[in-house]
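Asker:
2 protein chains.
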Amino acid sequence: MVQIAQPASTPASAPAPGEATRAVMLPERLVLRRGGVLEQVEIAYETWGELSAAADNAVLVFTGLSPGPHAASSPADPSAGWWEYMIGPGKPIDSERHFIICVNSLGSCFGSTGPSSVNPATGKPYRLDFPELTIEDIAAATHAALRELGIDRLHTAVGASLGGMSALAYAMMFPAAVQRLVVVSAAVHATTFAIADRALQREIIRSDPDWRGGDYPLDRPPLNGLRLARKLGLMSYRSAVEWQHRFGRERMSVETPDEPFGMEFQIESYLEANARKFMRVFDANSYLYLSRAMDWFDAAVHGESLSAAMGRIEAREALVIGVRSDFLFPVAQQRELAELLSGAGCEVELAELDSVQGHDAFLVDKERFAPCMRRFFDAADAR
Amino acid sequence: MVQIAQPASTPASAPAPGEATRAVMLPERLVLRRGGVLEQVEIAYETWGELSAAADNAVLVFTGLSPGPHAASSPADPSAGWWEYMIGPGKPIDSERHFIICVNSLGSCFGSTGPSSVNPATGKPYRLDFPELTIEDIAAATHAALRELGIDRLHTAVGASLGGMSALAYAMMFPAAVQRLVVVSAAVHATTFAIADRALQREIIRSDPDWRGGDYPLDRPPLNGLRLARKLGLMSYRSAVEWQHRFGRERMSVETPDEPFGMEFQIESYLEANARKFMRVFDANSYLYLSRAMDWFDAAVHGESLSAAMGRIEAREALVIGVRSDFLFPVAQQRELAELLSGAGCEVELAELDSVQGHDAFLVDKERFAPCMRRFFDAADAR
Chain C
1 MVQIAQPAST PASAPAPGEA TRAVMLPERL VLRRGGVLEQ VEIAYETWGE
51 LSAAADNAVL VFTGLSPGPH AASSPADPSA GWWEYMIGPG KPIDSERHFI
101 ICVNSLGSCF GSTGPSSVNP ATGKPYRLDF PELTIEDIAA ATHAALRELG
151 IDRLHTAVGA SLGGMSALAY AMMFPAAVQR LVVVSAAVHA TTFAIADRAL
201 QREIIRSDPD WRGGDYPLDR PPLNGLRLAR KLGLMSYRSA VEWQHRFGRE
251 RMSVETPDEP FGMEFQIESY LEANARKFMR VFDANSYLYL SRAMDWFDAA
301 VHGESLSAAM GRIEAREALV IGVRSDFLFP VAQQRELAEL LSGAGCEVEL
351 AELDSVQGHD AFLVDKERFA PCMRRFFDAA DAR
Chain Y
1001 MVQIAQPAST PASAPAPGEA TRAVMLPERL VLRRGGVLEQ VEIAYETWGE
1051 LSAAADNAVL VFTGLSPGPH AASSPADPSA GWWEYMIGPG KPIDSERHFI
1101 ICVNSLGSCF GSTGPSSVNP ATGKPYRLDF PELTIEDIAA ATHAALRELG
1151 IDRLHTAVGA SLGGMSALAY AMMFPAAVQR LVVVSAAVHA TTFAIADRAL
1201 QREIIRSDPD WRGGDYPLDR PPLNGLRLAR KLGLMSYRSA VEWQHRFGRE
1251 RMSVETPDEP FGMEFQIESY LEANARKFMR VFDANSYLYL SRAMDWFDAA
1301 VHGESLSAAM GRIEAREALV IGVRSDFLFP VAQQRELAEL LSGAGCEVEL
1351 AELDSVQGHD AFLVDKERFA PCMRRFFDAA DAR
């Protein structure tokens, strides 16, 4: 029943999945929320720890827009993952107690079926023939993948940013499958500002002539558009205070800019380095699909009202974490979420953290995030 | 001595100056701060009210990055100006008492000499042969223009945003020429975040193939780059709270986007409409020069230290206005500025306003800005 394989549907020129990445083929075709159909769906994932005999210790970790399933190192892939401090033996999400599984979102490009995957009907990459993607589809594909892996019920569903939206969708759509919920720097829907920010990122990618209306060869992607969009993204992921302290008005060590109006300040070279790294590993069309899915997400559509929708959730314990310097998902949104979960009968801990790193603080502020997460899991397991 | 004429050096395809715009040719060539030289400099301006016989009622208004000198309507041009509620008969800056002059910044494109002006040495537009431009050059050219117009000393120098930086530079460079200072939503230098934001805008313009390394024909400018850069600018000019209230998550009335990943939310069409209007009237190279000048500006270079530099200022009364929702020039910067001016012996009123419109509040929040400005000018004239 369980199919595990190295992901096969990814063309050679797309990003290579990590050494520890495995994939599961869903047993049935997937009908997406906005009407599209995927005849074959593969979901890539990595795991840490062992599933208990009762299969009651599984912790699902959804990712944000850009990371793959390599959330932490493991014997199969000792390279550091994107949430290295959080996941592993003795870590806050402890692989000695839990079976932790991190999935690559449907529509992404690290082994799961997405716009750069081969469409079995044509033998060519989907590109823009990939159907319209929603957060709910990410949740549904993940749910089907977990069932294939023999996991019917989660100890906890965890997600940050887009991953937090995915975790909320999962808990609303499959209420019996989620005992606990951890939502970090996310919300029941995006703010107007966040929508404007992401819409502009998408428009920047689409404006790159190399995007070719989505039909770029996978080995000649719209690198410049993706690079510029990533810089704009980064501006909303971190915080002005952090940059002021780290970079101030320091100039780059190279004295003369090599092009008119070229880079001059250290902050520019920081953004450039990050964006160059990103543009080489992320598929532009995946970015467009996932980015738009975040704008579309609105928990309220799952019920007569927002509180009715949230009332579907059966998880009885939740941790909601927000960061005061986050202006992409401002902390008022996590307060709102905590109240809604509480109104739905969930015992909620709301943690408002003073990290200076803005929206991305969960990736880097181990000092504040690790104790917060550890406390939640320790308390859950002590009951 | 006074030369007044319709601006002559602007090519036909560049933005046309307004009906009330006049221009003064500087009597001498201008040596710019970073070493460049402009052999001929014209400065465009508009005026309201009459200069008193003692020439002691002149109020200079510097503009932000994008506006021209048409700050308010007048008999010669009855169309509304960009600060219509602020300037005119009986308005807070009262043309019945004051001779108000608004200048088009050196390097801009509304009649003053800038990158789209004809280089007398070649008979062609300067484009990137225009010398490196600083805020101090804008102040120096303006000072020379005012002297040509017979104004040696200002009742008050006023400026918002880039204009506030220009006013500060003016007061440091020509201390005896400024009796009072009004600085709105500006600072002694830009934050790291603001630099990153503007550097990305410039890179977006430069990435438009139609920019052609700055050598675009003036009738075929890099419209798409300018349009996208303007959208990014707008995201830093307004505030998330304002947009949430005005647009929320409302969709556009057109149901089906006409292109893949096209516009869908009302906030997108608002940005698009503004950006399209802007791209048709503003020269892309002017944008690059003025934008970079803001990043370069640092009041501290005018003395051994920042406070020594500010100590040069001889204005004895100042009004500093900041807006709590401004994240481009956050209110902490206006607090810092007020303290520095106070330390320099100036009597300072610091107004921290609760406008929701962010950095651009001075353009639209008449309710809060008008009384604040009126009080300052009434008090000054009552002494």
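Going down the list, the sequences are from chains C and Y. Taking the numbering used here, the leading residue of the first sequence gets 1, the next gets one more, and so forth. Taking the numbering used here, the leading residue of the second sequence gets 1001, the next gets one more, and so forth. Heads up, the beta-carbon is just placed ideally off N, CA and C, and yes, glycines get one too.
In angstroms with no decimal places, state the Cα-to-Cα distance between Y:F1376 and Y:L1065.
Answerer: Numbered from its first residue, the second sequence carries residue 1376 of chain Y at position 376. Numbered from its first residue, the second sequence carries residue 1065 of chain Y at position 65. Taking the straight line joining both Cα atoms gives about 25 angstroms.
Asker: Give me whichever residues DSSP pairs with C:R312 in a beta bridge.
Answerer: For the purposes of this step, residue 312 of chain C is taken as the residue at position 312 of the first sequence. Per DSSP, none; premise fails for C:R312.
Asker: By a C-beta neighbour count over all protein chains shown, 10 Å radius and 16 as the cutoff for buried, is Y:P1330 buried or exposed?
Answerer: Translated into the one-based positions of the second sequence, residue 1330 of chain Y becomes position 330. Counting Cβ neighbours within 10 Å, Y:P1330 comes out buried, since at least 16 surround it.
Asker: Just to confirm, are C:Q357 and C:E242 a CB contact at a threshold of 8 angstroms?
Answerer: As a working note, residue 357 of chain C is residue 357 in the first sequence. As a working note, residue 242 of chain C is residue 242 in the first sequence. In this structure, C:E242 lies closer than 8 angstroms to C:Q357 by Cβ.
Asker: What residues in the segment 310-338 of chain C have a beta carbon less than 9 angstroms from any beta carbon of chain Y?
Answerer: Cβ contacts with chain Y come from F327, P330.
Asker: If I measure Cβ to Cβ from Y:S1031 and keep anything under 7 angstroms in the same chain, skipping five residues before and after, which residues do I get?
Answerer: For the purposes of this step, residue 1031 of chain Y is identified with residue 31 of the second sequence, where counting begins at 1. A small fix is needed here, since residue 1031 of chain Y is Val in this sequence, not Ser. Result list for Y:V1031: V1037, in chain order.
Asker: Could you say which of Y:A1190, Y:A1300, Y:T1192 lies nearest to Y:A1309 if we only look at CA atoms?
Answerer: Locating residue 1309 of chain Y in the second sequence gives position 309, counting from the first residue. If we check each option's Cα against that of Y:A1309, Y:A1300 comes out closest.
Asker: Taking 8 angstroms as the cut-off, decide whether the C-beta atoms of C:V103 and C:L340 are in contact.
Answerer: If you number the first sequence from 1, residue 103 of chain C lands on position 103. If you number the first sequence from 1, residue 340 of chain C lands on position 340. Against a cut-off of 8 angstroms, the Cβ pair of C:L340 and C:V103 comes out as no contact.
Asker: Would you say Y:L1306 faces chain C, with C-beta separation under 8 angstroms as the test?
Answerer: Taking the first residue of the second sequence as 1, we reach residue 1306 of chain Y at position 306. False, the Cβ-Cβ gap to chain C never drops below 8 angstroms.
Asker: Is C:W407 close to chain Y, meaning its C-beta is less than 8 angstroms from at least one C-beta of that chain?
Answerer: Chain C is shown only over 1 to 383; residue 407 of chain C falls outside these bounds and no answer can be derived.
Asker: Would you mind telling me which residues of chain Y sit closer than 9 angstroms to C:H189, beta carbon to beta carbon, in chain order?
Answerer: Stepping through the first sequence from its first residue, residue 189 of chain C is reached at position 189. Near C:H189 (Cβ distances below 9 angstroms), the residues of chain Y are R1249.
Asker: Ignoring anything shorter than 3 residues, give me the beta strand (DSSP E) runs that lie fully in the segment 1177-1219 of chain Y, in order along the chain.
Answerer: DSSP runs (the beta strand (DSSP E)) wholly in the segment 1177-1219 of chain Y: 1180-1184.
Asker: Less than 8 angstroms separating the beta-carbons of Y:E1046 and Y:M1025?
Answerer: One-based indexing of the second sequence puts residue 1046 of chain Y at position 46. One-based indexing of the second sequence puts residue 1025 of chain Y at position 25. Cβ distance not < 8 angstroms, so Y:E1046 and Y:M1025 don't count as in contact.
Asker: What residues from chain C crowd round Y:G1107, counting only those whose CB sits closer than 9 angstroms?
Answerer: Locating residue 1107 of chain Y in the second sequence gives position 107, where the first residue counts as 1. None at all; the shortest Cβ gap to chain C is about 13 angstroms.
Asker: Y:E1268 touches chain C at which residues, Cβ-Cβ below 8 angstroms?
Answerer: Taking the first residue of the second sequence as 1, we reach residue 1268 of chain Y at position 268. Chain C residues near Y:E1268: I195, A196, A199.
Asker: Measuring straight from C-alpha to C-alpha, what distance separates Y:P1011 and C:I135?
Answerer: As a working mapping, residue 1011 of chain Y is identified with position 11 in the second sequence. As a working mapping, residue 135 of chain C is identified with position 135 in the first sequence. Confidence is the limiting factor: at Y:P1011 the pLDDT is only 40, short of 50, which leaves the residue's position unreliable, though a coordinate-based value still follows. Cα to Cα, the separation comes out at about 52 angstroms.
Asker: What does the alpha-carbon distance come out to for the pair C:A167 and C:V348?
Answerer: Position 167 of the first sequence holds residue 167 of chain C. Position 348 of the first sequence holds residue 348 of chain C. Whole-angstrom Cα-Cα distance: 15 angstroms.
Asker: Taking just the CA atoms, how far does Y:D1152 sit from C:D295?
Answerer: Against the first sequence, residue 295 of chain C aligns to sequence position 295. Against the second sequence, residue 1152 of chain Y aligns to sequence position 152. The straight-line gap from Cα to Cα measures roughly 55 angstroms.
Asker: For the segment 1173-1190 of chain Y and the segment 1307-1326 of chain Y, state whether three or more C-beta atom pairs, one from each stretch, are separated by less than 8 angstroms.
Answerer: With a cut-off of 8 angstroms, the segment 1307-1326 of chain Y and the segment 1173-1190 of chain Y count as touching, because enough Cβ pairs lie within range.
Asker: Rank C:L146, C:H155, C:A71 by C-alpha distance to the C-alpha of C:N57 and give the top, closest one.
Answerer: Indexing the first sequence from 1 puts residue 57 of chain C at position 57. Here the closest residue by C-alpha is C:H155.
Asker: Would you mind telling me which residues of chain C sit closer than 7 angstroms to Y:D1219, beta carbon to beta carbon, in chain order?
Answerer: Position 219 of the second sequence, counted from the start, is the residue given in the question as residue 1219 of chain Y. By Cβ distance, chain C contributes nothing, its closest Cβ being about 21 angstroms from Y:D1219, past 7 angstroms.
Asker: I'd like to check one pair, Y:T1113 with C:I267: are the Cβ atoms closer than 8 angstroms?
Answerer: Within the first sequence, the letter at position 267 stands for residue 267 of chain C. Within the second sequence, the letter at position 113 stands for residue 1113 of chain Y. Not in contact: C:I267 and Y:T1113 (Cβ atoms no closer than 8 angstroms).
Asker: Is the beta carbon of C:V281 sitting closer than 8 angstroms to the one on C:V158?
Answerer: Sequence index remark: in the first sequence, residue 281 of chain C carries index 281 (1-based). Sequence index remark: in the first sequence, residue 158 of chain C carries index 158 (1-based). The answer is no: Cβ separation not under 8 angstroms.
Asker: To the nearest whole angstrom, what separates the beta carbons of Y:L1328 and Y:H1302, a pair I think is in contact under 8 angstroms?
Answerer: As a working note, residue 1328 of chain Y is residue 328 in the second sequence. As a working note, residue 1302 of chain Y is residue 302 in the second sequence. Not quite, the Cβ-Cβ distance comes to about 23 angstroms (not below 8 angstroms), so this is no contact.
Asker: Taking 8 angstroms as the CB-CB cut-off, is C:D129 touching chain Y?
Answerer: Counting from one through the first sequence, the residue named residue 129 of chain C turns up at place 129. Chain Y, which has no Cβ nearer than 8 angstroms to the Cβ of C:D129, makes this no.
Asker: Counting pairs of beta carbons, one from the segment 206-221 of chain C and one from the segment 240-254 of chain C, are three or more of them closer than 8 angstroms?
Answerer: The segment 206-221 of chain C vs the segment 240-254 of chain C: no contact.
Asker: Pull up the DSSP beta-bridge partners for Y:V1061, would you.
Answerer: Against the second sequence, residue 1061 of chain Y aligns to sequence position 61. BP columns for Y:V1061 point to Y:C1102, Y:V1158.
Asker: Under the rule that 16 or more other beta-carbon atoms within 10 Å means buried, what is C:G164, buried or exposed?
Answerer: Position 164 of the first sequence, counted from the start, is the residue given in the question as residue 164 of chain C. When all chains shown are included, C:G164 counts as buried.
Asker: Quick one: does C:D298 have its CB under 8 angstroms from some CB of chain Y?
Answerer: Taking the first sequence and counting its residues from 1, one reaches residue 298 of chain C at position 298. With 8 angstroms as the cut-off, C:D298 counts as an interface residue toward chain Y.
Asker: Can you find a heavy atom of the ligand ATP that lies under 7 angstroms from the Cβ of Y:R1368?
Answerer: Summarising the ligand content, the structure contains no ligands, and the ligand ATP is consequently not present.
Asker: C:G36 touches chain Y at which residues, Cβ-Cβ below 8 angstroms?
Answerer: Start at 1 with the first residue of the first sequence, and residue 36 of chain C comes out as number 36. Residues of chain Y passing the Cβ test: none, with the nearest at roughly 13 angstroms.
Asker: For the segment 235-246 of chain C, which residues have a beta carbon sitting closer than 7 angstroms to at least one beta carbon of chain Y?
Answerer: Within the segment 235-246 of chain C, the residues whose Cβ lies closer than 7 angstroms to some Cβ of chain Y are M235, A240, W243, Q244, listed in chain order.
Asker: Is Y:P1371 helix, strand or coil when you go by DSSP?
Answerer: The count along the second sequence starts at 1 and reaches residue 1371 of chain Y at position 371. If DSSP states are grouped into helix, strand and coil, Y:P1371 belongs with the helices.
Asker: Go through its chain and collect everything with a Cβ distance to C:M252's Cβ below 8 angstroms, but skip five positions before and after it.
Answerer: Within the first sequence, numbered from 1, the residue matching residue 252 of chain C stands at position 252. Same-chain partners within the cutoff: M263, E264, F265, Q266, E268, S269.
Asker: Does C:E367 pass the burial test, meaning 16 or more other C-beta atoms within 10 Å, or should it be called exposed?
Answerer: Your numbering for residue 367 of chain C matches position 367 in the first sequence. It is exposed - the Cβ of C:E367 has fewer than 16 other Cβ atoms within 10 Å.
Asker: At a CB-CB cut-off below 9 angstroms, which residues of chain C make contact with Y:I1135?
Answerer: For the purposes of this step, residue 1135 of chain Y is identified with residue 135 of the second sequence, where counting begins at 1. Ordered by position in chain C, no residue passes the 9 angstroms Cβ test against Y:I1135, which lies about 14 angstroms from the chain.
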